[in-house]
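Basically our numbering = 1-based index in the sequence shown + 1113.
Idealized CB from N, CA, C, for every residue including glycine.
First up is the structure itself, then whatever we jot down about it.
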Amino acid sequence: MTAETIPALVEHAARVHGRREAVAAGEVRWTFARLRDEVETAARAAIAAGVRPGDRAAIWAPNGAGWIVAALGLVSAGAVLVPLNTRYRGAEAADVLRRSRASALFTVRGFLGNDYPAMLAGEDLPELRRTVLLEGEPAGGELGWAGFLAGAAAVGADAARDRAAGVRPDDIADIVFTSGTTGRPKGAMSTHDATLWAFRAWSEVSTLRAGDRYLLINPFFHTFGYKAGILACLLNGATMLPEAVFDAAAVAERLAADRVSVLLGPPTIFTSLLELPDRPAHRVRLAGTGAADIPVDLIRRIRGELGVPHVFTAYGLSEAAGVVSVCPVDADAETVARTSGPALPGTEIRIAAPDGRALPPGEQGEIRVRGRHVMRGYLDDPEATARAIDADGRLRTGDLGRLDARGYLTVTGRLKDMFVVGGFNAYPAEIESVLVTHPAVVEAAVLGVPDARLGEVGAAWLVTRAEVGPEELTAWLRERLANFKVPRHFHVVDALPRNAGGKVVKDALRRRA
C-alpha cells in the first residue's frame, strides 16, 4: 500500500525497512523502526504543547537528527512545517514567522556563531507561543529539547496515532518561502500528496534505492534538502547522513568513513572536492547537481576523476514541490550539463510565448508547468497566486527555456533577468554559459546595468582561477557572442552571493553595481 501522507510514510518505512539504518549522525544510529518511535514521541510532545491540526510550526536550525525528528513529529501532529533559512537575520526570520503565523519555533544557539533566539529579541510575534531549543541549554523563555519531549508522557500513543491518521493527502504539508533572489520571499504551499507524488517520480529517475547511504549536504530548509533528502530517503529506505556545514576535506573523509553512495549538491561542492590534493577512496555511485551553469567538463571530471559513474541534473522550484524535470543518470556529459532532462512522468512542460501559445522545439519562451505537484498557491496572496498559475492550471515559472526534439529542457535564464541593449534583448544565462568556458573563469554572473547611450549594458561578476583582464575577456567573448551581448563591465570577486539552493542572489550584485 502506498503512503499518501508524510505521517503514513514514516509508518510505512518502519514496516518495510524497519531494521535498516535510517539516520547516522554522530552518536545517533537509528533504524527506521527506531526513527518511527522517535517521531511518535515528538508528535506526542507537540500535541501536549498545544500544537493543533493546521498550526504552522517553524524550524530554524542546521541539518541534524533533531531537525529530522522535529519536522516529522510536527507534521505527524498535524502541523504545517515552515522551514527557515539559517542565513536569515532576525528581521527576515521574524517576517516569515509573522506572515506564516507560526505558533511554535524549533531552533538552536551557536550555529556559525549565531544566537537565533537572541536575533528575535524585540520582534513583535504575537502568534508565537513556544520556542524550543533542539540543542543546548535553554536560557530565557525557551524550552529545551529534553523538556519538550518530557511532555509526551501526558499524551498516549493512541492519541498520537489518531492525530497522524487524521492528516489527509490534500492537507497543506509545508510552506516553503521562495529564495527571494529578485524580491521579497513568498510562501509556496504544498500538500502531502503533491510532495510524495513528485518525489516518488524523482526517485525512480534518479535511481535512489534501498540501502543507499545519502550524505545530506543540501540544507533541510530547502526543498533540495528536505524533500529530495529526508522524504526521498523515507520513500526508498536509504540512510540519511546529515551534514551541517560543507567543508571539502571533511566531506571527502566522510564519504569514505561512512560508505556514502549518494551525494547531491550545487556544482561548487563537486568543484571543491576535485580541487583537493588528496581524496580517500570512496563508494559514491550517484551524484546529482543543478541550480547553476554546469560546464560539460565538470560532469566528465565527476565521472572520471571522482569516479562517480552516475550523474544527473534536475530542474525544480518551490512552487512545484521542488522538482519538474530530471536528466537520466546515464545520459552523455553534454546532455547532463546542458539540459535538465525531460519532465517528470505525469508532468507537462510547455514553452510559452508571451500570449501563452506553445512554442515549437528549439524556440525560447517561458517555462510553464502543469502537474499534480504544482503548489496550492502562495500563502495569503491570492493576487500573486493568480499571476503565477494560469487559467489552465499551468504554473508560470518566470524561467526561460527551450525543449529539444527529445523533450529535454534547457533553462536559459529568468524573464526578469533579461536586459535590453540598444533595442536588443540580452539573456544573462546565455552569456554566463559562454563565460564559464573561458580557461580562467570558474563562475560567472551577469546582469544589466544602466547605460547613458544604450539604455542598459551587461556587467559580469567573475570568480577566476587565473588572472585575466577585461580587454582579453572582451576580445575572447566577441569571437563567440554578438557584440551587444558582451558585458561592458567586469568585476572579479572571491565568491558569488548564493542562496541555499545554489542560485546566485542577483539583487546582492545589483546593489554593488
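Exercise. When the Cα atoms are used, what is the spatial distance from T1381 to A1365?
Worked result: 14 Å
Exercise. Straight-line CA distance for T1294 to K1619?
Worked result: Residue placement at T1294 is poorly supported in this model, since its pLDDT is 48, which falls under 50; the coordinates are not used for a value here.
For this session: Quickly, what does DSSP pair L1247 with across the bridge? List them, please.
Result: Partner(s): none; L1247 has no beta bridge.
For this session: Go through its chain and collect everything with a Cβ distance to H1125's Cβ below 7 Å, but skip five positions before and after it.
Result: A1116
For this session: Kindly indicate which residue of A1231, L1386, A1314, L1347 has the alpha-carbon position closest to the one of R1222.
Result: A1231
Exercise. How would you call A1518, buried or exposed, if buried means at least 16 neighbouring beta carbons within 10 angstroms?
Worked result: exposed
Exercise. Considering only C-alpha positions, which residue in the set C1346, V1421, R1396, A1427 is nearest to F1383?
Worked result: V1421
Exercise. Grouping DSSP H, G and I as helix and E and B as strand, with all else coil, what is T1144?
Worked result: strand
For this session: Would you tell me roughly how many angstroms separate the C-alpha atoms of R1274 and R1500, rounded to the nearest one?
Result: 39 Å
Problem set entry | Spatial distance of G1401 from G1417 (CA atoms) | 15 Å
For this session: Write down the C-beta distance between K1340 and F1359 rounded to the nearest angstrom, noting that I regard them as a contact closer than 8 Å.
Result: Rounded, the Cβ-Cβ distance is 19 Å, inconsistent with contact.
Problem set entry | Complete runs of the beta strand (DSSP E) confined to the segment 1114-1143 [at least 3 residues] | Listed in chain order, the complete beta strand (DSSP E) runs (minimum 3 residues) inside the segment 1114-1143 are 1134-1138.
Exercise. Curious, which full-length beta strand (DSSP E) runs of at least 3 residues does the segment 1156-1211 contain?
Worked result: As far as the segment 1156-1211 is concerned, its whole beta strand (DSSP E) runs of at least 3 residues are 1169-1173, 1193-1196.
Exercise. Is V1533 helix, strand or coil when you go by DSSP?
Worked result: strand
Exercise. Hey, how far is the Cα of D1391 from the Cα of A1363?
Worked result: 12 Å
Exercise. So does the segment 1276-1287 actually touch the segment 1202-1210, counting three or more Cβ pairs closer than 8 Å?
Worked result: No, they do not touch.
For this session: State the Cα-Cα distance for the pair P1563 and V1570, rounded to the nearest angstrom.
Result: 7 Å
Problem set entry | Pair within 8 Å by beta-carbon distance, T1577 and V1555 | yes
For this session: Give every residue of the same chain whose Cβ lies closer than 8 Å to the Cβ of D1443, excluding the five residues on either side of it in the sequence, and list them in chain order.
Result: Spatial neighbours of D1443 in its own chain (CB-CB distance under 8 Å, excluding positions within 5 residues in sequence) are listed in chain order as H1423.
Exercise. Buried or exposed: where does G1249 fall if 16 or more other Cβ atoms within 10 Å of its Cβ makes it buried?
Worked result: exposed
Exercise. Does the segment 1140-1150 touch the segment 1256-1263, meaning 3 or more C-beta pairs lie closer than 8 Å?
Worked result: no
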